[in-house]
Amino acid sequence: MTEKTTMFACESSMITQGVVNNLLPILLVIFKDQFGVSYSLLANLLLLNFVVQLFTDIFAIKIVNKLGYRASGILAQCSAGLGLIFIATLTSVIPVYPALLLSVLFTAFGGGMLEVMVSPIVENLSYGSSSSRMSLLHSFYCWGQMLVVLISSLAIKIFSDSIWRIIPVFWAIVPAVNIILFRVVPIPKIPNEITHSSPISLFKVPAFSLMCILMLCAGASEIAMAQWASIFAQKGLGVNKFLGDILGPCLFAILMGTGRTLYGLFGSKLNLQKTLIISSAMCLVCYVATGVLQSPLLALIFCASTGFTVSIMWPGVYSYSAKKMNTASTAMYGILALFGDMGCSIGSWLCGTVSEYSLKIPSVLELAERLALSPEQMGLKIGIIATGIFPLVMLISLVVSRIKKLQVKSQTSIEK
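Numbered by the working numbering, the letters in the sequence shown go through residues 95 to 510 in order.
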């Protein structure tokens, strides 16, 4: 076994994360149609996934320090695999919604552990460029997302909705293989980093609060569309499940993966602030167009294009923060990760909750009738548009920051 085998195990772990975060959204329509689970309850499931990951982020370092990276990796894969199997099995033993809640607790804990521990392992491998390894590592999340959507959608298309219980068990093979890999691959020596940047001292710097806002918006902008694209395509646009999944979340993942790969190759040549401004503006356009356009094909194109516009946000804010704060401390990245997961939680929850509660507003129902849309279609469109608040806040924050920066430069030039 070599370090390249370790890299493969870490890349495969990112695929596990792709499964954990993106399989459940593919099955949302089935849970709604077969078991009558409401949009607000489905939104709560997606919220729970990232809330658990958020709290796991907080405690994962202590767990890793106690158990070590090898045992922690095995624990994370076991938890994710059990959660996937529970989706298929517990739902036939106990009421569906409690079964899904319990399943999400296991999958989210496993995903959160992997989020914290995989990057330090890759960072401490000795071959090649660390920045290239990290860029390649995180692109595997996108490719994992693409495979989950494509294979799961094909299975449902070929064998019908009745096969849905087999799909989570099939994807449990990924963490099962990773358990074996983590037992045998070499784990590099990872130093216990002592950082002089405490969370309190970081928040004393005004720029850091801005970074946290940007990270929250980045997480929400990415995950809200990724997790609601499938059900939006089917219920909001009237597209059949297979075509909706392929043109929605699958193409979304491909474009996001492509964007991250390009960022890994050429990111050093970009002006990050300008790039993030353009990215957030394009993302806002995609959210609004997806919700407003009446043509299902055009709406799906903008839905998928959101993947490219958000691709640079998460890694870009990391790099932008390191530049603005002049540090790359563990404390800084840890807090940013927390705000990113917070954004993931809020974004998915907001989209589903707004969709559900907008149906109780008479004026919304009247507008749906005038536009020849069903109330359900109208609600989902409003939910998508409402979630555009996150790229909007990101855009405004970046533009205001840039204006202030230019004003300071101008004032300094005048004084000289």
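Just so it is clear, CB atoms sit at the ideal spot from N, CA and C, and this is done for glycine as well.
The segment 324 to 333 makes contact with the segment 473 to 487, as at least three CB pairs between them are under 8 Å. Taking one beta carbon from each stretch, the segment 400 to 415 and the segment 313 to 325 have 3 or more pairs nearer than 8 Å; the two touch. Contact holds between the segment 135 to 144 and the segment 442 to 452, because three or more Cβ pairs, one in each stretch, are under 8 Å apart. Counted as a single uninterrupted DSSP element, the alpha helix (DSSP H) harbouring V271 occupies residues 267 to 278. Of all alpha-carbon atoms in G175, L142, S457, the one lying nearest the alpha-carbon of W265 is that of G175. Note on I267: under 16 other CB atoms within 10 angstroms of its CB, so exposed under the neighbour-count rule.
Nearest neighbour of L121 by Cα position, chosen from L387, M309, D255, L370, turns out to be D255. A137: member of the alpha helix (DSSP H) spanning 133 to 161, first to last residue. Cβ contact annotation for S415 (same chain, cutoff 7 Å, sequence separation greater than five): M305, M426, L430, in chain order. Contact holds between the segment 269 to 282 and the segment 156 to 176, because three or more Cβ pairs, one in each stretch, are under 8 Å apart.
Assigned with DSSP and collapsed to three states, K454 falls in coil, not helix or strand.
P469 places its beta carbon less than 8 Å from that of L453.
Approximately 5 Å separates the beta-carbon atoms of F433 and L310; this is inside 8 Å, confirming the contact. Apart from the 5 residues on each side of it in sequence, L492 sits with its Cβ closer than 8 Å to the Cβ of L308, Q367, L370, I371, S374 in its chain, given in chain order. Taking 8 Å as the cut-off, the Cβ atoms of T201 and L178 count as close.
For I152, the CB contacts under 8 Å within the same chain, skipping 5 residues up- and downstream, are L432 in chain order. Nearest to I284 by alpha-carbon distance, out of N159, L465, V114, P456, is N159.
Taken through DSSP and simplified to helix, strand or coil, G130 comes out as coil. A distance below 6 Å between beta-carbons, with the five flanking residues on each side excluded, links T185 to the following residues of its chain, in chain order: A193.
Taking all protein chains shown into account, L117 has 16 or more neighbouring C-beta atoms within 10 Å of its C-beta and is therefore buried.
If only complete runs of 3 or more residues are kept, the segment 344 to 379 shows no beta strand (DSSP E) anywhere. Take the alpha-carbon of C438 and the one of L467: they are about 29 Å apart. Of the residues assessed, F302 falls on the buried side of the cut-off, its CB having 16 or more other CB atoms within 10 angstroms.
A distance below 7 Å between beta-carbons, with the five flanking residues on each side excluded, links I440 to the following residues of its chain, in chain order: A314.
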